[in-house]
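Residue numbers (our numbering): 398 to 678.
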């Protein structure tokens with residue numbers, strides 16, 4: 398019988414506490430990717446199934462988007478809700494999917510101490526003077542295409558608890574508008590950095606008074622990422638460009654061909670826009 402995780406893990410059999418050392422040597426992201434590929438489960442399948450789970454439970458935390466799956470397979474640690482959805486999508490017991498992360502349900506029972514009471518919490522670490530918030534993005538991407546940036550997991554966990562949720566890198570994602578992407582023309586010119594709220598994945602329709610009032614969304618689709626206006630028509634998502642853009646309106650089926658990563662809530666535009674560059678010559 399073939400091992401579900403290939404050569405990198407022999408972990409879907411019964412797990413004992415003595416195997417925790419083995420679990421620490423396993424790459425969880427690689428295990429999940431190998432299991433998904435072995436069972437011919439596509440990212441779009443996981444998006445569709447996890448969306449159904451999230452809808453049935455009334456909790457968006459169970460949803461695993463294409464970009465979230467890519468982060469998990471690259472090394473990001475998923476929440477228990479997303480790990481549950483992955484276990485369902487991949488057809489394995491949740492206990493067995495916890496093992497690559499060094500977690501065993503049997504070990505949790507054996508380590509318990511009856512009557513000892515809750516463990517004492519360590520004293521809070523003193524705040525260092527002059528703390529400067531910084532996210533070290535993975536800069537290995539093609540500048541020509543609109544790209545969703547990834548915050549390395551080791552950087553996401555070092556933020557002090559005193560910072561407001563506004564700086565939560567798990568909720569707020571960042572993307573760079575590609576140098577060849579003129580979908581939103583001068584409203585969001587190439588080279589812009591955008592901040593996306595991944596909890597806002599429903600297309601909002603209201604009587605906006607100007608183009609700037611209309612919500613912008615970052616969309617993953619089969620050809621990459623696009624930042625644009627959106628309109629939902631049944632099971633089809635319409636990607637609407639700026640009127641001055643030569644890009645056409647595209648209609649894509651959700652969630653197979655496209656999915657909403659989140660709503661753009663902030664943007665930092667390049668200082669020198671194409672119009673300013675033309676005026677300089």
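Here a beta-carbon is modelled for each residue, glycine too, at the ideal position from N, C-alpha and C.
Treat the numbers as computed from the prediction; the structure is a model and nothing was measured.
*How should residue 604 be labelled, buried or exposed, when 16 other C-beta atoms within 10 angstroms of its C-beta is the threshold for buried?*
exposed
*Mind checking who residue 434 pairs with in its DSSP beta bridge?*
Bridge partners of residue 434: none, in fact.
*Under the rule that 16 or more other beta-carbon atoms within 10 Å means buried, what is residue 479, buried or exposed?*
Burial of residue 479 is indicated by the presence of at least 16 other C-beta atoms within 10 angstroms of its C-beta.
*Would you call residue 415 buried or exposed, if buried means 16 or more other Cβ atoms sit within 10 Å of its Cβ?*
Low local confidence applies: a pLDDT of 46 at residue 415 is under 50, so the model's placement there is unreliable, with the coordinate-based value given in what follows. Label assigned to residue 415: exposed.
*With a Cβ-Cβ cutoff of 8 angstroms, do residue 661 and residue 602 count as a contact?*
no
*For the putative contact between residue 541 and residue 588, defined by C-beta atoms under 8 angstroms, what is the C-beta separation to the nearest angstrom?*
Between residue 588 and residue 541 the Cβ distance is about 11 angstroms, and since that is not below 8 angstroms, they are no contact.
_Beta-carbon proximity of residue 433 to residue 652, cut-off 8 angstroms_ = Not closer than 8 angstroms, so no.
*alpha helix (DSSP H) containing residue 385: first to last residue?*
No information on residue 385 is available, as it lies outside the stretch 398 to 678 that the chain covers here.
*Whole angstroms is fine: what's the gap from residue 437's alpha carbon to residue 464's?*
Each residue's alpha carbon lies about 18 angstroms from the other.
*Assuming residue 585 and residue 624 make a contact with CB atoms under 8 angstroms, what is their CB distance in whole Å?*
6 angstroms
*What is the DSSP secondary structure of residue 635, counted as helix, strand or coil?*
strand
_Suppose you measure from the CA of residue 609 to the CA of residue 615; what does that come to, to the nearest Å?_
15 angstroms
*Give the single residue among 543, 606 and 607 whose Cα lies nearest to the Cα of residue 580.*
With distances taken between Cα atoms, residue 580 lies closest to 543.
*Quick one: Cα of residue 495 to Cα of residue 440, how far?*
20 angstroms
*Please work out which residues of its chain come closer than 8 angstroms, Cβ to Cβ, to residue 568, disregarding the five sequence neighbours upstream and downstream, and give them in chain order.*
562, 594, 595 and 596
_Alpha-carbon to alpha-carbon, residue 622 and residue 639_ = Distance between the alpha carbons of residue 639 and residue 622 is about 16 angstroms.
*Write down the C-beta distance between residue 545 and residue 577 rounded to the nearest angstrom, noting that I regard them as a contact closer than 8 angstroms.*
The Cβ separation is near 16 angstroms, so there is no contact.
_Residues in the same chain with beta-carbon distance under 6 angstroms from residue 641, minus the five sequence neighbours each way, listed in chain order, please._
So the qualifying residues of the chain are 582.
*Tell me whether residue 596 sits in a helix, a strand or coil according to DSSP, three-state version.*
Looking at residue 596 - three-state DSSP - the assignment turns out to be coil, as it is neither helix nor strand.
*Hey, how far is the Cα of residue 484 from the Cα of residue 656?*
21 angstroms
*Cβ neighbour criterion (16 or more within 10 Å) applied to residue 476*: exposed
*Buried or exposed (CB count within 10 angstroms, at least 16 for buried), residue 482*: By the Cβ neighbour-count rule, residue 482 is buried, with 16 or more other Cβ atoms within 10 Å of its own.
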